[in-house]
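Structure first, commentary second.
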Amino acid sequence: MIANTGGDIGQTPLPRAMSRKPAPDAEAIAAEMAGFRREMLRFAILQLRDQASAEDAVQEAMLAALQGADRFGERAKFKTWVFSILKNKIVDIIRRRVREPNYQDPEEEIDESDFDPLFSANGHWQRDARPADWGDPEKSFEDQRFWAVFDSCLNRLPAATARIFMMREMLGLETDEICEELSISSNNCWVVLHRARMGLRLCLDQKWFMTGELARE
Numbered sequence: 001m002i003a004n005t006g007g008d009i010g011q012t013p014l015p016r017a018m019s020r021k022p023a024p025d026a027e028a029i030a031a032e033m034a035g036f037r038r039e040m041l042r043f044a045i046l047q048l049r050d051q052a053s054a055e056d057a058v059q060e061a062m063l064a065a066l067q068g069a070d071r072f073g074e075r076a077k078f079k080t081w082v083f084s085i086l087k088n089k090i091v092d093i094i095r096r097r098v099r100e101p102n103y104q105d106p107e108e109e110i111d112e113s114d115f116d117p118l119f120s121a122n123g124h125w126q127r128d129a130r131p132a133d134w135g136d137p138e139k140s141f142e143d144q145r146f147w148a149v150f151d152s153c154l155n156r157l158p159a160a161t162a163r164i165f166m167m168r169e170m171l172g173l174e175t176d177e178i179c180e181e182l183s184i185s186s187n188n189c190w191v192v193l194h195r196a197r198m199g200l201r202l203c204l205d206q207k208w209f210m211t212g213e214l215a216r217e
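Written out as structure tokens, the structure is:
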């Protein structure tokens, strides 16, 4: 009888080179990111309102994603992961920018009288200014044309007002952090956020919900 000196082949450990996760294909990753680079740039420009800063943020995010691709495991969510890196880069730029001495107080950009015709003396909507019924907004959120209108409305806001809105709603910063970074009071921050939401709602009413289609300039 021949002795079995080989052991159980099913329990034989794989060589280290075979058990290691294959290294990511840098060219394939770069090509995949190139496919949505325009979306990244558009998102960064909306946040930063500056082409050069947006280009820098996108470039840094793509480089960081390329260098850290071996830590990413689910290819189906790769785009979401890259955008999360981009958001962090944008937040870093905003934090550097708001410490500059020429930062403009967003309340100075908005005149309260701009909204006076919209409300009655007791603060309720005027009959003709009342926002339209949004019906089923989830259907609009799934329509790419809606987001084109949303981007247009966002660009109509004063720059500093839009920046605070995006820091809160798109970048996910806490209100306390926004106040600390911008050296503004919590009341100031809430006022600006309220005005931003009001302006967006009125614009979306006129450009989307009252027409049901992408408004043409």
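Residue numbers (the UniProt record's numbering): 1 to 217. Virtual Cβ for every residue (Gly too), placed ideally from N, Cα, C. These figures come from a predicted structure and were not determined experimentally.
Quick one: give me the first and last residue of the alpha helix (DSSP H) that residue 43 is part of.
-> Residue 43 sits at position 43 when you count from the first residue of the sequence shown. Looking at the DSSP string, the run of the alpha helix (DSSP H) that includes residue 43 is 37–48.
Excluding sequence positions up to five away, which residues of its chain have a Cβ less than 6 Å from the Cβ of residue 189?
-> If you number the sequence shown from 1, residue 189 lands on position 189. Same-chain partners within the cutoff: 175, 178 and 179.
Spatial neighbours of residue 198 within its chain, please: CB distance less than 6 Å, with the 5 preceding and 5 following residues excluded, ordered by chain position.
-> Here residue 198 refers to the residue found at position 198 of the sequence shown. The answer is none, since no qualifying residue turns up.
Between residue 15 and residue 26, what straight-line distance do the alpha-carbon atoms span, to the nearest angstrom?
-> The count along the sequence shown starts at 1 and reaches residue 15 at position 15. The count along the sequence shown starts at 1 and reaches residue 26 at position 26. Note that residue 15 has pLDDT 45, beneath the 50 cutoff, so the model's placement of it is unreliable and the number below is only indicative. In a straight line, the C-alpha of residue 15 is about 25 Å away from that of residue 26.
Helix, strand or coil at residue 170 according to DSSP, with G and I counted as helix | Residue mapping note: residue 170 aligns to position 170 of the sequence shown, counting from 1. Three-state result, residue 170: coil.
DSSP state of residue 157, grouped into three classes?
-> As a working mapping, residue 157 is identified with position 157 in the sequence shown. Three-state result, residue 157: coil.
For residue 53, is the classification buried or exposed, using 16 other Cβ atoms within 10 angstroms of its Cβ as the cut-off for buried?
-> Residue mapping note: residue 53 aligns to position 53 of the sequence shown, counting from 1. Classification for residue 53: buried.
Do you know whose CA, among 87, 31 and 69, lies nearest residue 56's CA?
-> By 1-based counting over the sequence shown, the position of residue 56 is 56. Residue 56 has its Cα closest to that of 87, out of 87, 31 and 69.
Would the region 151–167 and the region 37–46 be scored as touching if the rule is three or more Cβ pairs under 8 Å?
-> yes
Quick one, are the C-beta atoms of residue 32 and residue 83 less than 8 Å apart?
-> The residue labelled residue 32 in the question sits at position 32 within the sequence shown. The residue labelled residue 83 in the question sits at position 83 within the sequence shown. Cβ atoms of residue 32 and residue 83: not closer than 8 Å.
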